[in-house]
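K.L.:
Every number in our numbering is 19 more than the matching position in the sequence shown, counting from 1. No residue lacks a Cβ here, since even glycine has one placed at the ideal position from N, Cα and C.
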Amino acid sequence: MSLLRQLIRKILPVAGLFTLALHPIPSFAQVTLGLSDWPGWVAWYVAEKEGYFKKYGADVKLVWFPDYMTSVNALSAGQIDANCQALIDTLSPVEKGVPAKVILVTDNSAGNDALMVNNSIRSFSELKGKTVGVEIGSIENYLAATALKMNGMSEKDVNFVNMSTGDAAAALIAGKVPAAGVWNPWIQRIEQHKAGHALFTSSSAPGLIPDVVYARNAALAAHRKDFVAMTKAWFDAVKFIEKNPEKAAEIMAPHVGLKPQEYALGLAGTKLFGAQLNLQAMSKGNVPVSLYKSTADTAAFLVAQKAITATPDPASFIDASIVKAAMAH
Numbered sequence: 020m021s022l023l024r025q026l027i028r029k030i031l032p033v034a035g036l037f038t039l040a041l042h043p044i045p046s047f048a049q050v051t052l053g054l055s056d057w058p059g060w061v062a063w064y065v066a067e068k069e070g071y072f073k074k075y076g077a078d079v080k081l082v083w084f085p086d087y088m089t090s091v092n093a094l095s096a097g098q099i100d101a102n103c104q105a106l107i108d109t110l111s112p113v114e115k116g117v118p119a120k121v122i123l124v125t126d127n128s129a130g131n132d133a134l135m136v137n138n139s140i141r142s143f144s145e146l147k148g149k150t151v152g153v154e155i156g157s158i159e160n161y162l163a164a165t166a167l168k169m170n171g172m173s174e175k176d177v178n179f180v181n182m183s184t185g186d187a188a189a190a191l192i193a194g195k196v197p198a199a200g201v202w203n204p205w206i207q208r209i210e211q212h213k214a215g216h217a218l219f220t221s222s223s224a225p226g227l228i229p230d231v232v233y234a235r236n237a238a239l240a241a242h243r244k245d246f247v248a249m250t251k252a253w254f255d256a257v258k259f260i261e262k263n264p265e266k267a268a269e270i271m272a273p274h275v276g277l278k279p280q281e282y283a284l285g286l287a288g289t290k291l292f293g294a295q296l297n298l299q300a301m302s303k304g305n306v307p308v309s310l311y312k313s314t315a316d317t318a319a320f321l322v323a324q325k326a327i328t329a330t331p332d333p334a335s336f337i338d339a340s341i342v343k344a345a346m347a348h
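1) Among I158, A199 and A187, which has the Cα closest to the Cα of D230?
2) Does DSSP classify Q211 as helix, strand or coil?
3) Between K278 and the rest of its own chain, which residues show a CB-CB distance below 7 Å, the 5 nearest in sequence each way excluded?
4) Pairing CB atoms from the stretch 87-102 with CB atoms from the stretch 256-275, are three or more of them under 8 Å?
5) For the beta strand (DSSP E) containing G200, list its first residue and its last residue.
6) Rounded to whole angstroms, what's the CA-CA distance from T11 to D245? Just pull it up for me.
7) Would you report the Cα separation of N236 and K120, rounded to the nearest angstrom?
8) Which one of T330, A326, I341 and Q324 has the shortest CA to CA distance from K312?
9) Among residues of its own chain, excluding the 5 on either side of P118, which ones have a beta-carbon nearer than 8 Å to its beta-carbon?
10) Beta carbon of V201, beta carbon of A187: below 9 Å?
11) May I ask you to list the residues that DSSP assigns as paired with M135?
12) Compare the beta carbon distance of F320 and Y87 with 9 Å and say whether it is the shorter of the two.
13) According to DSSP, is G152 helix, strand or coil?
14) Could you tell me the alpha carbon to alpha carbon distance between A164 and S173, rounded to whole angstroms?
15) Between Y75 and the rest of its own chain, which residues show a CB-CB distance below 6 Å, the 5 nearest in sequence each way excluded?
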């Protein structure tokens with residue numbers, strides 16, 4: 020993927036506003052769902068292409084945002100009914116009192132995010148005292164901090180230098196930094212240049228980076244049946260992608276300007292959540308996939324970064340009723 024989660028943040032924010040202008044929000048009963056370039060969200064185009072929205076009578080309009088954070092802000096401002104976003108970017112709106120609920124888990128990152136190091140570094144002990152290029156406060160920063168903790172180290176054991184993910188990857192390839200926190204396609208590009216390898220990836224931290232659908236309360240109340248139908252369509256799309264990954268990549272790739280075979284690599288690093296995984300994710304528990312555990316872990320990082328002041332109560336913003344209704348019919 021050439022424009023993953025934080026990469027698309029670098030595009031001019033006006034791009035997202037332009038997208039809204041191209042896709043005016045209708046006043047009739049149609050749910051507007053914001054999405055951007057991440058496999059777990061581009062997958063909604065499979066639901067659309069394969070006719071699953073029509074199958075279940077889901078009156079849904081997909082609204083594309085080239086700039087991911089613009090979509091997060093659009094949801095908070097009430098410009099769209101629901102949005103696909105990372106849990107880490109949802110906790111701040113929750114603390115600020117945005118009237119919305121997490122109603123679906125689309126996926127977990129399962130290898131698409133990584134702490135990459137040059138070829139001379141083979142262990143975490145060899146990373147001590149080294150510089151790590153990473154966007155401070157980002158998902159990649161969170162992944163790197165978690166990787167260090169899991170290997171008996173802390174953030175103080177390395178020197179985090181703030182730079183965009185693309186710049187961090189380029190710096191590693193050029194030999195200007197020994198390590199970088201990146202996602203695909205940067206992982207692939209570093210490997211193709213034989214400039215480094217993954218010391219740690221999100222596949223080693225299940226549940227660390229969940230992605231969700233965050234929907235406004237007013238829309239949930241007004242269009243509940245559409246949200247239930249939309250969720251049914253999602254479950255069908257996940258089954259289709261699991262059974263037909265190559266065909267799914269052909270559907271998804273054009274939306275991000277990549278070749279299907281290129282897109283398939285990134286798709287493999289994304290664990291899509293069907294019905295049963297959603298039920299587990301939205302239930303209280305200490306298992307990796309549970310949003311209750313993810314919220315506690317992610318909030319601890321954000322509090323340390325002073326991005327939020329306290330850990331929000333997961334029960335206050337997680338609503339499993341849509342998933343349960345979709346599974347019941």
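P.N.:
Looking at the coordinates:
1) I158
2) helix
3) A272
4) no
5) A198 to W202
6) Nothing about residue 11 can be read from this structure; the chain reaches only from 20 to 348.
7) 7 Å
8) T330
9) R235, N236 and A237
10) yes
11) A199 and A217
12) no
13) strand
14) 7 Å
15) A248, K251 and A252
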